[in-house]
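A.B. asks: With the working numbering, letter number 163 in the sequence shown gets 331, and the count goes up by one each step, no holes. For glycine and all other residues, C-beta sits at the position ideal for the given N, C-alpha and C.
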Amino acid sequence: MLARTTLGFLGAGAMAEALIRGVLAAGLVAPDRIWVTNRSHRERLESLARRFGVRTTPRKAEVVAAADLLVVACKPKDVPELLAEVGGCTRPGQVLLSVAAGVPTRRFLDGVTPGVQVVRAMPNTSCLVRESATAICGAPGTGPEALALARELLGAVGRVVEVPEDLMDAVTGLSGSGPAYVYLMVEAMEQAGVQVGLDSRVARELAVQTVLGAARMLVETGADPALLRQQVTSPGGTTMAGLQVLREMGFAEALVRAVARAAERSRELGALVAAPQAMGG
Ligand SMILES: NC(=O)c1ccc[n+]([C@@H]2O[C@H](COP(=O)([O-])OP(=O)(O)OC[C@H]3O[C@@H](n4cnc5c(N)ncnc54)[C@H](OP(=O)(O)O)[C@@H]3O)[C@@H](O)[C@H]2O)c1
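(1) Would you mind sorting VAL370 into buried or exposed? The rule is 16 or more other CB atoms within 10 Å of its CB.
(2) Runs of 3 residues minimum, wholly inside the segment 244-331: which ones carry the beta strand (DSSP E) assignment?
(3) May I ask you to check if the CB of ASP246 is nearer than 8 Å to at least one heavy atom of ligand 1?
(4) Return yes when the C-beta of SER208 is under 8 Å from any heavy atom of ligand 2, and no when it is not.
(5) Opposite VAL413 in the DSSP bridges: which residues?
(6) So, for MET183: in the same chain, excluding its five sequence neighbours on each side, which residues have a beta-carbon less than 8 Å away from its beta-carbon?
(7) Within 10 Å of its beta-carbon, does ALA409 have 16 or more other beta-carbons around it, so buried, or fewer, so exposed?
(8) In angstroms with no decimal places, state the Cα-to-Cα distance between GLY448 and LEU366.
(9) So if DSSP puts GLY176 in a beta bridge, which residue, or which two residues, is it bridged to?
(10) Assess contact between the segment 169-179 and the segment 200-213, defined as three or more Cβ pairs (one per stretch) separated by less than 8 Å. Is contact present?
(11) Between the beta-carbon of GLY309 and the beta-carbon of GLN285, is there less than 9 Å?
(12) Thinking just about the alpha-carbon of each residue, which of GLY190, SER215, ASP246, VAL197 is nearest to the one in LEU178?
(13) Quick check: the Cα distance between PRO393 and ALA301, rounded to an integer number of angstroms?
(14) Spatial neighbours of MET385 within its chain, please: CB distance less than 7 Å, with the 5 preceding and 5 following residues excluded, ordered by chain position.
(15) What does the Cβ neighbour count give for THR205, buried or exposed, with the cut at 16 atoms within 10 Å?
(16) With a threshold of 8 Å, are at least 3 pairs of Cβ atoms found where one atom belongs to the segment 322-336 and the other to the segment 252-259?
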């Protein structure tokens, strides 16, 4: 479906580049069907055009006119300005996919032409290596075809699940902030390796590969993590001894609380973003 779609990126930063790179690498869209614009950095547009063969223009209305699927890839704080500039040029049947963290679909519906199909997405930073864990939700009135289009586009940079919009804060707490929890664990594993005598470079290499290997086991076997854990834990063995310490120190409970707090923080920030005056809109 994406192959017959013209994409228009409103915003040309890291996220836009990751998505452009992903769809081109997957061969989903020809580069000349991708339009990109931004606020003011002309060299950035030139660089994207040179490296990917996409069409770039400083004229946002041109991008909106050309595109069937508009991707809002600016920061949440810039959404009101963007909507004020181009919302009126949108047309019924167009799909608007926002990756702006925390901005509710209502905010877009209020700023575009009636009949525009709005989809909101929460990817994570691993989309830069095409391994994002992304959740999407449709605005009220958004049809399955628009969601399928969004799923296809975001599927080029990782896995996509669909959730109701009121669970987007939960997604933010879990997979949006999740890469940082894993990075912290790897930092701690590296420090631990050094404490038990390893060189820090070796400790990091082992820690990173351990996380990658465990993640691949989970993906490729589809097995329950608890089962995989039990399978590598022999009674009285080393893993059991290590896990016992993690249990005593409240490792799992700490993660549960971290996700809950991040989800709560997402709700708090969302309340600010949802208020038009707080966003300058
Ligand atoms: N990076 C991630 O891994 C990640 C993960 C999840 C969600 N997100 C979301 O993705 C969005 C983009 O993040 P990013 O990291 O790509 O940001 P970024 O690198 O700062 O890029 C933002 C882009 O938006 C453009 N922009 C700002 N105001 C605009 C306007 N009025 N009209 C047109 N373009 C405008 C900027 O143009 P100029 O450079 O010309 O100002 C820039 O190209 C954010 O909302 C963020 O919440 C990002």
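C.D. replies: In brief:
(1) exposed
(2) 263-266, 285-290, 300-306, 326-330
(3) yes
(4) For ligand 2, the structure offers nothing, since it holds only ligand 1.
(5) Partner(s): none; VAL413 has no beta bridge.
(6) ALA241, VAL267, PRO291, CYS295
(7) exposed
(8) A caution first: GLY448 carries a pLDDT of 45, below 50, which makes its placement in the model too unreliable to give a value.
(9) TRP203, LEU238
(10) yes
(11) yes
(12) ASP246
(13) 17 Å
(14) LEU396
(15) buried
(16) no
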